[in-house]
Structures are given as C-alpha cells and as structure tokens.
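Asks: Residue numbers (this note's numbering), protein chains in the order written: chain A, 646 to 777; chain B, 3 to 66.
Have a look at the structure that comes next, please.
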Amino acid sequence: MPHSVSREATRPMTFNKLFVVGAAVVALGVAAGAAFGQTSEQKAMIDAAKVQGVVGEQADGYLGIRTPPAPAPLAAAVSDTNDARRAVYGESARAAGTTTEVAAARMFESQLFARIPAGHWYRNTAGQWVQR
Amino acid sequence: MTPPKRLIPTTLLVLGAATLLAGCTPTIRLQVDPIQIYARLDADVRVRLDQELRDLLAENPNLF
C-alpha cells in the first residue's frame with residue numbers, strides 16, 4: 646500500500662516536470678522571438694522614417710513616433726525593435742546590478758544621443774521632440 | 003559713508019536669492035534629468051553598466 650501511494654505521488658511530479666520544461670521552451674521561444682523579431686526590412690524602414698522625421702530616438706532609450714499615426718508596418722517595426730531593446734537592456738541591467746529603465750536611459754545618454762545625425766529628431770527628457 | 007550702507011541690504015538680497023535658487027534647483031532637476039538618477043548609482047555599477055552598454059551596441063547593430 647505505501648508503495649502504490651508513492652507511485653501515485655510521482656505521477657503528478659512527472660507532469661509538473663513536463664509542464665516546467667514546456668514553459669521554459671515557450672519562454673525561450675518568446676525571448677528569442679523578441680530578440681530576433683526585428684527584420685532587416687524593419688531596420689531599413691525605421692532608418693528611412695528617421696530621415697523623414699517620422700521616427701526618432703527618445704531619452705528613455707526607445708524609439709518613438711513623432712508624427713502619429715504611423716503606417717501599420719512602421720508602427721510594428723518600432724514596436725518590435727523596442728521589445729527587442731527592452732530585452733537586451735534588461736540583460737545589461739541585470740549584469741550591472743541596476744534596473745532596465747536606468748540601463749535604457751543611460752544607453753541614450755552615453756551612446757545613442759551622440760550618434761543622432763543633424764536634421765534627425767529626438768525626444769528629450771522633458772518629452773519634447775527636438776531637431777538635431 | 004552712504005554707499006557702503008546701501009550695499010548691505012543689496013548684498014543680503016543677492017545672498018538670499020542665491021540661497022533660494024540653490025535650494026530649489028536640485029529638486030527640479032531630479033524630476034527631469036536622468037543624469038541625476040544615474041549619479042546616485044554606485045560607481046562600480048556605473049562602470050559595469052557603461053561597459054555592458056558598449057558591448058550591447060556593438061553586438062546588436064540592427065537594434066540601434
């Protein structure tokens with residue numbers, strides 16, 4: 646009798662393990678999807694929109710649409726890129742021991758701002774769109 | 003004799019204004035400037051974060 650009870654107890658455990666493995670696979674897939682979700686076509690679309698002043702970098706470390714509403718493919722490109730950025734900012738933040746928000750804002754401050762070419766628009770810390 | 007006496011209230015006014023400004027400015031800047039948040043980070047975290055972000059940019063040119 647105690648033997649059969651322990652067997653019954655192990656069955657749900659196996660299910661739990663399967664569930665955990667399954668959830669991990671799904672989570673990895675989602676993470677990979679976010680990191681590689683942005684295609685080269687989307688990158689080209691964003692670069693063109695930056696030249697037109699439709700899209701710009703923001704002080705929070707993400708892309709923003711300066712003149713909404715944007716066409717659906719462009720809005721999706723911005724959204725996919727921002728999701729992927731959020732994921733990598735999170736990794737850097739964890740490695741350094743700070744938050745995703747601080748890492749993202751620091752990215753703009755230390756790297757992205759200096760790379761903005763003259764004529765492009767960016768959104769400053771006060772939330773205003775400014776032309777470089 | 004008279005000019006130095008006039009100077010005293012003026013100096014006090016300037017000092018008072020300077021004190022008020024000095025008292026207010028950091029409070030305003032804390033709300034809008036991420037540099038202020040960043041400045042409160044531990045020095046080690048700052049150095050580590052900047053290195054991480056440089057690597058991040060180099061490894062993900064498609065995202066920036």
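Note that CB positions come from ideal geometry on N, CA and C, so glycine has one too.
Thinking C-beta only, is A/T726 closer than 7 Å to B/L65?
Replies: A contact, by the Cβ cut-off of 7 Å.
Asks: Give a yes or no on whether the minimum CB-CB distance between A/S755 and chain B is below 7 Å.
Replies: Taking Cβ atoms only, chain B reaches closer than 7 Å to A/S755, which makes this a yes.
Asks: Return no unless some Cβ of chain B is closer than 7 Å to the Cβ of A/A715.
Replies: False, the Cβ-Cβ gap to chain B never drops below 7 Å.
Asks: Answer with buried or exposed for A/G701, where buried requires no fewer than 16 other C-beta atoms within 10 angstroms of its C-beta.
Replies: Looking at its Cβ environment, which holds 16 or more other Cβ atoms inside 10 Å, A/G701 is buried.
Asks: Under the rule that 16 or more other beta-carbon atoms within 10 Å means buried, what is B/G18, buried or exposed?
Replies: Per the 10 Å Cβ criterion, exposed.
Asks: Flag A/G742 as yes if its beta-carbon sits less than 7 Å from any beta-carbon of chain B, otherwise no.
Replies: True, the Cβ-Cβ gap to chain B drops below 7 Å.
Asks: Can you tell which of B/D44, B/E61, B/R48 and B/N62 has its C-alpha closest to the C-alpha of A/E754?
Replies: That would be B/R48, whose Cα lies nearest to the Cα of A/E754.
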